[in-house]
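Residue numbers in the sequence shown follow UniProt numbering, run continuously in steps of one, and reach 285 at the last position. Glycine is no exception: its CB is placed at the ideal position from the N, C-alpha and C atoms.
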Amino acid sequence: MKKNEGSRSRAAPEQGAKPAVEDNVRDFYDNFGWVEKSGVLGEDISFRMFRPAYGPYHAEVERRTEAVLGALRGKLLIAGCGDLPDSHVRIAQGFDEVSCLDISRRALDIARGKLGHGGRFTEASILNAPLADDSFDAVFCAHVIYHIDIDKQERAVDELIRMTRPGGRVVVIYSNPHSPLRYLAAGSARIGRLLGRTGSDLGGGRRPELYFARQPLTWWRRFEDRCSLSFQPWDAIGSYEESRLIPSDRLAAGFYAAAGWIERSAPGLAVRLWQYPLVLLDKRR
Numbered sequence: 001m002k003k004n005e006g007s008r009s010r011a012a013p014e015q016g017a018k019p020a021v022e023d024n025v026r027d028f029y030d031n032f033g034w035v036e037k038s039g040v041l042g043e044d045i046s047f048r049m050f051r052p053a054y055g056p057y058h059a060e061v062e063r064r065t066e067a068v069l070g071a072l073r074g075k076l077l078i079a080g081c082g083d084l085p086d087s088h089v090r091i092a093q094g095f096d097e098v099s100c101l102d103i104s105r106r107a108l109d110i111a112r113g114k115l116g117h118g119g120r121f122t123e124a125s126i127l128n129a130p131l132a133d134d135s136f137d138a139v140f141c142a143h144v145i146y147h148i149d150i151d152k153q154e155r156a157v158d159e160l161i162r163m164t165r166p167g168g169r170v171v172v173i174y175s176n177p178h179s180p181l182r183y184l185a186a187g188s189a190r191i192g193r194l195l196g197r198t199g200s201d202l203g204g205g206r207r208p209e210l211y212f213a214r215q216p217l218t219w220w221r222r223f224e225d226r227c228s229l230s231f232q233p234w235d236a237i238g239s240y241e242e243s244r245l246i247p248s249d250r251l252a253a254g255f256y257a258a259a260g261w262i263e264r265s266a267p268g269l270a271v272r273l274w275q276y277p278l279v280l281l282d283k284r285r
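Quick look at the structure:
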């Protein structure tokens with residue numbers, strides 16, 4: 001699952017969101033994101049609509065995600081499970097025991113429908129999860145931390161590490177606030193407004209506000225006292241940025257081919273340029 005904050009930034013300030021951040025996020029997903037309209041989830045309409053050329057590229061992204069967890073076995077926690085996309089189900093199938101944690105009851109109902117009796121489900125916040133220390137061999141947290149109050153994100157990651165066994169791995173899909181693609185899309189939107197053009201609005205209609213806030217990638221170094229830290233490129237671009245910057249599927253095919261080449265040839269550069277990195281925290285024994 002991939003998020004796209006760009007299209008919602010005008011309505012949701014990165015700090016000081018009211019009501020309380022957690023209530024805002026829960027309300028968004030219980031009343032919109034995980035609600036179907038004409039058979040399509042609000043989350044899909046808003047944040048997962050890409051050009052056809054994106055499909056093969058994203059399949060490789062999913063393989064990369066599965067690979068960073070593929071060698072691990074035992075117990076897995078999916079923290080902020082959401083609607084449990086197919087790639088996350090495949091990850092879950094590689095573990096002996098799977099637990100799903102989310103503040104959204106609707107999300108847990110969807111996840112339960114996909115995992116059935118093969119999972120355990122807890123309705124709670126990452127910030128105060130009722131789960132024991134050193135409980136899991138792996139913790140997977142995709143597109144969740146940047147929807148937590150920016151002043152509480154460190155505590156949230158601390159909790160993920162707390163629940164991970166020594167020698168285990170925490171995998172976080174995060175958002176890079178300094179991606180040049182984000183700046184280019186914002187510039188395109190400003191020019192469009194000056195010219196009286198509204199530009200693309202995937203899904204149309206008015207969406208509820210959804211809080212997001214991103215720390216710079218250097219912020220993650222604070223966890224190196226307990227974990228070995230590394231990054232991998234995850235996904236180059238969000239759906240909003242794609243709609244602003246890539247006007248045709250032919251151009252999109254070229255963009256994604258180039259993105260794949262950069263990821264293979266210079267992954268460190270891709271981490272700095274792309275909108276979404278994989279953050280790997282290997283907890284020391």
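Distance, residue j Cα to residue i Cα
i, j, result
"ARG155", "TYR276", "21 Å"
"ARG284", "LEU72", "15 Å"
"TRP34", "GLU43", "6 Å"
"SER99", "LEU127", "16 Å"
"ASP133", "LEU101", "15 Å"
"TRP220", "GLY55", "30 Å"
"GLY74", "GLY192", "51 Å"
"GLN256", "GLU263", "Position check: residue 256 holds Tyr in this sequence, whereas Gln was assumed. C-alpha separation (whole angstroms): 10 Å."
Where residue i falls: helix, strand or coil (DSSP)
i, result
"TRP34", "coil"
"ILE150", "helix"
"VAL98", "strand"
"GLN93", "helix"
"ILE237", "coil"
"ALA79", "strand"
"ALA20", "coil"
"ASP109", "helix"
"ASP137", "strand"
"PRO166", "strand"
"residue 352", "There is no way to answer for residue 352, as the model of the chain reaches only from 1 to 285."
Counted within 10 angstroms of its Cβ, other Cβ atoms place residue i as buried (16 or more) or exposed
i, result
"HIS88", "buried"
"TYR278", "The residue you asked about is not Tyr; residue 278 is Leu in the sequence shown. LEU278 is buried by the Cβ-count criterion."
"PRO233", "buried"
"SER104", "buried"
"HIS117", "exposed"
"GLU224", "exposed"
"residue 318", "The structure shown does not extend to residue 318, since the chain spans only 1 to 285, so no value can be given for it."
"TRP261", "exposed"
"GLY113", "exposed"
"ALA111", "buried"
Report yes or no: do the region 27-40 and the region 240-253 share at least 3 C-beta pairs separated by less than 8 Å? no
Kindly provide the ranges of any beta strand (DSSP E) runs that are 3 or more residues long and lie completely inside the region 243-285, ordered along the chain. 276-283
With three or more beta-carbon pairs closer than 8 Å as the criterion, would you say the region 242-259 touches the region 156-174? no
Across the region 176-190 and the region 49-62, are there enough close Cβ pairs to call them in contact, namely three or more that are closer than 8 Å? no
Using a Cβ distance threshold of 8 Å, determine whether the region 212-222 contacts the region 246-256, with at least three qualifying pairs required. no
Inspect the CB distances between the region 73-93 and the region 127-141 and report whether three or more fall short of 8 Å. yes
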